[in-house]
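In this text, residue positions in the sequence shown follow numbering that gives the first Met the number 0: the first is 0, and each later residue adds one. Please read the structure below before turning to the comments.
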Amino acid sequence: MESMECPHCGALVPSHRICCAGCGSDLETGWMDPEQIDYKSLDLPEDELPSTPDNEPGQAISQSVVVLLALFIAAPLSFFMFDNIAQIVGVWVILGLLMGIKKSRD
């Protein structure tokens, strides 16, 4: 098997390889002169994008209070409304899924 010497670091590179294991230079760009390389990059804006907070602190606290109140009201009611544990667990799983969907849309 033939090998060649990497022009950047001098390590031996097997002929079937496309890049040097020593320095990472590759056949397409790494072994060319920097002036010959056609870099493909995105034209990104120079100024930063404005960041918007997801929730204000007061809004997050009020949402937490509403969720806790709903749990304290719904938990005892679910034991009186349903006959067995399987129904109660099923309702709570469905409620949890619905709350997760609502939260992901917000």
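By construction, the Cβ of each residue, glycine as well, lies at the ideal position given by its N, Cα and C atoms. Bear in mind the structure is a predicted one, so any value in this text is a computation, not a measurement.
Residue i and residue j closer than 9 Å at C-beta
i     : j     : result
Ile87 : Phe81 : yes
Met98 : Val66 : yes
Local conformation of residue i per DSSP, three classes
i     : result
Pro44 : coil
Ser24 : coil
Range of the contiguous beta strand (DSSP E) that encloses residue i
i     : result
Pro13 : Leu11 to Pro13
Glu4  : Ser2 to Glu4
Extent of the continuous alpha helix (DSSP H) to which residue i belongs
i     : result
Ser63 : Pro56 to Met80
Proximity to residue i [Cα-Cα], best of the options
i     : options                      : result
His15 : Cys8, His7, Gly9 and Asp25   : Asp25
Cys8  : Glu1, Val65, Gly23 and Val66 : Gly23
CB-CB length for residue i against residue j, believed under 8 Å
i     : j     : result
Ser77 : Val90 : 6 Å
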